[in-house]
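Trainee: Pasting in a structure now, in structure tokens, and then I'll have a few things to ask.
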Amino acid sequence: MWTRPLAGEWVHGRTVEGAPQAFAVDRERVYVADDRGIAYTDDAGATWVVIRVMQ
């Protein structure tokens with residue numbers, strides 16, 4: 881994921897697991913469908929919460 885502080889430059893670093901299939905943004909939360917299932921992050925990808933595991 882690419883992030884940018886209010887007064888800073890764009891930086892790259894945090895990633896999803898595998899190739900993302902879809903994503904959505906709701907205010908500060910980012911939802912991603914990737915190899916693990918459906919997950920969201922509130923902190924620009926530093927931590928992820930899996931809400932649906934793909935089998």
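Just so you know, we're using the working numbering here: the sequence shown kicks off at 881 and counts up by one.
In this text, a Cβ means the ideal position worked out from N, Cα and C, and glycines have one as well.
Starting from Val932, follow the beta strand (DSSP E) in both directions and report where the run begins and ends.
Mentor: Note that residue 932 is Arg in the sequence shown, not Val. Going by DSSP, Arg932 is part of the beta strand (DSSP E) stretching over Val929 to Val933.
Trainee: Starting from the C-beta of Thr921, find all residues in its chain whose C-beta is less than 6 Å away, skip the five residues before and the five after it, and write them out in chain order.
Mentor: Val910 and Trp928
Trainee: For Val912, count neighbouring C-beta atoms within 10 Å of its own C-beta (all shown protein chains included) and say buried if the count is 16 or more, exposed if not.
Mentor: buried
Trainee: Express the C-alpha separation of Ala919 and Ile931 in angstroms, rounding to a whole number.
Mentor: 5 Å
Trainee: CB-CB under 8 Å to Pro900, same chain, minus the five flanking residues each way: which ones, in chain order?
Mentor: Sequence-distant partners of Pro900 (beyond 5 residues in either direction) whose C-beta falls short of 8 Å from its own C-beta, in its chain, are Val912, Ala913 and Asp914.
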